[in-house]
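Participant:
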Amino acid sequence: MRCVGWPKLFAAVLVVVASTARPARASRPATDVDWPAWSDAPPWNPAVVLFMPLRDYSAPPQDLFVASPPKPVFEGAPPHAEVLDAVTNRLEAVVRADPRVKWLDLESVRSTLERKPEFGRVVQLVDRQVALGREYYDNTRLDDAARVLEAARGDAEGAYLDVLAPQVFANIELLLGLVYLEQGKPGAAHVALRRMARVDPTRRFERGYYPREAEEAIAQAYTDVQMTGPGDIVTGLERTERLLARVGADIVVTGFVARPTGQPQLLLVAYDRRSKAFILRETIPVRSAPRCARAVDLALSRMLACLSPRHVAQPRSKPAFGRFSLDAAVAHGVYFLHPTRDIFHNIGFSLNAALRVRRPVELFAKLNLYSSLPDRRADLETSDLVTARFIAGGGVAFERGVFKGFVRPGVEVQYASPFTVRTSPDCKFFPLGHPRCPADADGIQHFDGSVLLGFNVAVGLAVATRTGIYVAIQTSMSLYFPFLRASDVNFLLGSELGLGFTF
Amino acid sequence: MSGRAFAALGAVLGFAALVASCGPPSDLLCGRWQSRAPANGSQSPSVLATSGVELYLGHFGPEVAGIVRLYPAQFDSDDDCGINDQPAACAYVDNGRWRSGDSRLTFSIDLAAVPGATTCSASRVEFDLTLRDSDHLEGEMRCVDGAALAQPVALERLGCQECVDVLGKEDCP
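From first to last, the protein sequence lines are chains C and Y.
To convert, take the position in the first sequence, counting from 1, and add 21; that gives the numbering used here.
To convert, take the position in the second sequence, counting from 1, and add 11; that gives the numbering used here.
Here it is, written out as structure tokens:
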């Protein structure tokens, strides 16, 4: 083995530095456990809570029909609007204040769904189907009207218009109910009108606008909903789970006011799509808005305290790579343009530093030292080429889990030491000036020390551990000005294997 | 950064520097060689007028350079490093080639400047040697004039002189 001096010295210094360097933090006893304060706790994966507006089914049946309304069909005020507002506000306040859960309202759901083009197309289709169904109904083409309106109902359910646009959905059901009545299908009409009552309980009608049979059917449907209840969630469990999944929510919270026993009661429910279970079902007597809000507060606190561990114990995975990375690497390099007859290898070490500015952009700097190894014919036998390189630039890095891939283009400055290439074996054996190796022999080339400027681009991959230590491999290519100087070194292909720490 | 991380970093850096400091060997033949009487060969010279041969070789991958000194008498192991005779002739190694595949060394010397040093009609003598082990070269020398004249030769490396002492310090007078 043939050894050069400076790497030995450098290795010794490194080993000494590594063995003496210690973190600045003082050591602590093993029993001294730091329990994090709540504010210092790791970030949670909050359970996303979708809030569906509360409905009020407590209007007395006699209020359904109004003598002189502004329109034949219009939206009335819920009887317990003040209670519903107070409860809604309290729900939102409690959920927004708790870091374990995240509030999601219907407007956010609408925005999420509207981002998909097919949603807009379905809404337009439903509008056209309703208009066509109404035209068929007006022209007493009842079968066609039923067919078109049933299709509209299916499309509207698929687009969750019963939640996002309950009045539109109620119009479909009303028209269907009227068509079924005309067709002599009172059972089907009752089902349709009951669905209308479920999604739009505050809907009011002009007295005498519809035939008496229709008025009776509408009243019967609303009474039925009041007596039997609208069901826990207006969209049903299966469709609710699909909706939650589509908008990325875990829990739906909703409720309604009804009079199952004569006295108005608020039923508040929460359904968890992951455990497929109701995690809250609270019946609260409706007396005053503040008392209802207080009761809701207590019920919600109980629910949050008992959230399944999946929601509260699932810390968001901390990125494997911090903002700053520093590594040291063994390095190998080969010049594809070289004055020796055979390729010669260079080996050394590198220090790499990278600072993430904004994902995926990062700034980087590299310091690299190479020492040449003898080539096959030992043309570099009598002198070593030592190079020091500094590279800096901006790159991009893409992280996925514990892996980070990066591309780093930069500007390079290289200092190459003086070196001599002897291609004549006699000039390797005999001193310069010997009769076998005259001073002007063709087999000798002297190269002065030089500073080269060029470009470098590196691609690499790093794998990090939870402790912040990472292993990185990278390969790079350098080109120096002038790009084609046949008597010099150029086109350096480098490769590195490094060990580092990310902060 | 933890102490363990520092230790790991130091170990890697140390390893890197250690690897960086060493290169591949390329000097198998480098050094000083002296002839010994061949086991099955004739004791009387046929190609050379002298019996003792001494090589100072530099070995550079597939290429070999150096000098050849010829002495009137054969060396024996008792000579060790002591050279007690003035060489009868000295020549430079020409066209020295090392073939690692069959561990074969060939070169020629030109003895035109030393009349009577060779019995060949031409002045050039070719050596064809094989490295038997790290310290022994065996083969023959022959005339390059086409005559079927050959002389076996066996050489032994002298352990008392390192390659670095040979390179650039030995020369023909």
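Quick reminder that beta carbons are idealized off the backbone N, C-alpha and C, glycines included.
Using only the alpha-carbon positions, how far apart do E236 of chain C and K206 of chain C sit?
Facilitator: In a straight line, the C-alpha of E236 of chain C is about 15 Å away from that of K206 of chain C.
Participant: Taking only the alpha-carbon atoms, compute the straight-line gap between L518 of chain C and A374 of chain C and give it to the nearest angstrom.
Facilitator: 14 Å
Participant: Which two residues bound the contiguous beta strand (DSSP E) that contains Y356 of chain C?
Facilitator: 345 to 358
Participant: Using DSSP's beta-bridge definition, name the partner residues of D121 of chain Y.
Facilitator: Y:R135
Participant: Opposite K425 of chain C in the DSSP bridges: which residues?
Facilitator: C:E420, C:A483
Participant: Which of helix, strand or coil does DSSP assign to I300 of chain C?
Facilitator: Under the three-state reduction of DSSP output, I300 of chain C falls in the strand class.
Participant: Spell out whether any CB of chain Y is found under 7 Å from the CB atom of R397 of chain C.
Facilitator: Taking 7 Å as the threshold, the shortest C-beta distance from R397 of chain C to chain Y falls below it.
Participant: Hey, quick one: how far does the beta strand (DSSP E) through V155 of chain Y stretch, first residue to last?
Facilitator: From DSSP, V155 of chain Y is part of no beta strand (DSSP E); its letter is neither H nor E.
Participant: Here's a check: name, in chain order, each residue in its chain whose Cβ is nearer than 6 Å to the Cβ of W59 of chain C, leaving out the five neighbours to either side.
Facilitator: Below a pLDDT of 50, predicted positions are generally treated as unreliable, and W59 of chain C, at 46, falls in that range; no measurement from the model is reported.
Participant: Identify, in the order they occur along the chain, each residue of the same chain with its Cβ nearer than 7 Å to the Cβ of D156 of chain Y, setting aside the five sequence neighbours on each side.
Facilitator: C131, S132, A133
Participant: Anything in the stretch 60 to 77 of chain Y with a Cβ closer than 7 Å to a Cβ of chain C? List those residues in chain order, please.
Facilitator: G69, F71, G72, P73, E74, V75, A76, G77
Participant: Here's the rule: buried if 16 or more other CB atoms are within 10 angstroms of the residue's CB, otherwise exposed. What is F345 of chain C?
Facilitator: exposed
Participant: Let me see if you follow: with CB-CB separation under 7 Å, is L122 of chain Y close to chain C or not?
Facilitator: no
Participant: By the three-class DSSP mapping on this structure, what secondary structure does R362 of chain C have?
Facilitator: coil
Participant: Under 7 Å, do Q97 of chain Y and E65 of chain Y count as touching if we go by C-beta distance?
Facilitator: no
Participant: Sorted by chain position, which residues of the same chain lie with C-beta nearer than 6 Å to A123 of chain Y's C-beta, five sequence neighbours on each side aside?
Facilitator: S134
Participant: For V136 of chain Y, count the other beta carbons within 10 Å of its own beta carbon; 16 or more makes it buried, fewer makes it exposed. Which is it?
Facilitator: buried
Participant: With three or more beta-carbon pairs closer than 8 Å as the criterion, would you say the stretch 172 to 189 of chain C touches the stretch 125 to 137 of chain C?
Facilitator: Yes: at least three Cβ pairs fall under 8 Å.
Participant: Give the list of continuous beta strand (DSSP E) stretches no shorter than 3 residues that lie fully inside the stretch 210 to 273 of chain C.
Facilitator: 224 to 227
Participant: Can the beta-carbon of I254 of chain C be found less than 7 Å from the beta-carbon of T261 of chain C?
Facilitator: yes
Participant: So, at 6 Å on beta carbons, what are the nonlocal neighbours of N305 of chain C in its own chain, with the 5 sequence-adjacent residues on each side left out?
Facilitator: The question names Asn, yet the displayed sequence has Ile at residue 305 of chain C. Once the five neighbours on either side are set aside, the close Cβ partners of I305 of chain C are L287, C313, A316.
Participant: Alpha helix (DSSP H) containing T496 of chain C: first to last residue?
Facilitator: It is not in any alpha helix (DSSP H) - T496 of chain C instead sits in the beta strand (DSSP E) that spans 490 to 501.
Participant: Does the stretch 406 to 426 of chain C come within contact of the stretch 74 to 86 of chain Y, defined as at least 3 CB pairs closer than 8 Å?
Facilitator: no
Participant: Taking only beta-carbon positions, decide if P446 of chain C is within less than 7 Å of chain Y.
Facilitator: yes
Participant: Going by DSSP, what residue range makes up the alpha helix (DSSP H) through T109 of chain C?
Facilitator: 102 to 118
Participant: Where does E74 of chain Y fall in DSSP's three states?
Facilitator: strand
Participant: Where does the unbroken beta strand (DSSP E) through L388 of chain C begin, and where does it stop?
Facilitator: 382 to 393
Participant: Residue range of the alpha helix (DSSP H) that F440 of chain C falls in?
Facilitator: Here F440 of chain C belongs to no alpha helix (DSSP H); instead the beta strand (DSSP E) covers 440 to 443.
Participant: Kindly indicate which three-state DSSP category Q85 of chain Y falls into: helix, strand or coil?
Facilitator: Of the three classes helix, strand and coil, the one that applies to Q85 of chain Y here is coil, per DSSP.
Participant: Consider the Cβ of D178 of chain Y: report whether some Cβ of chain C lies at a distance smaller than 7 Å.
Facilitator: It is worth fixing the name first, because residue 178 of chain Y is Leu in this sequence and not Asp. Output row for L178 of chain Y: interface = yes.
Participant: With 7 Å as the threshold, decide whether the Cβ of Y103 of chain Y is near any Cβ in chain C.
Facilitator: yes
Participant: Can you confirm whether F450 of chain C, when its beta carbon is compared against all beta carbons of chain Y, has any partner nearer than 7 Å?
Facilitator: Interface criterion met: the Cβ of F450 of chain C is under 7 Å from a Cβ in chain Y.
Participant: CA-CA distance, Q145 of chain C and A177 of chain C?
Facilitator: 10 Å
Participant: For R457 of chain C and chain Y, any beta-carbon pair shorter than 7 Å?
Facilitator: At least one beta carbon of chain Y lies nearer than 7 Å to the beta carbon of R457 of chain C.
Participant: Give me whichever residues DSSP pairs with D105 of chain Y in a beta bridge.
Facilitator: Y:S119
Participant: What does the Cβ neighbour count give for R142 of chain C, buried or exposed, with the cut at 16 atoms within 10 Å?
Facilitator: exposed
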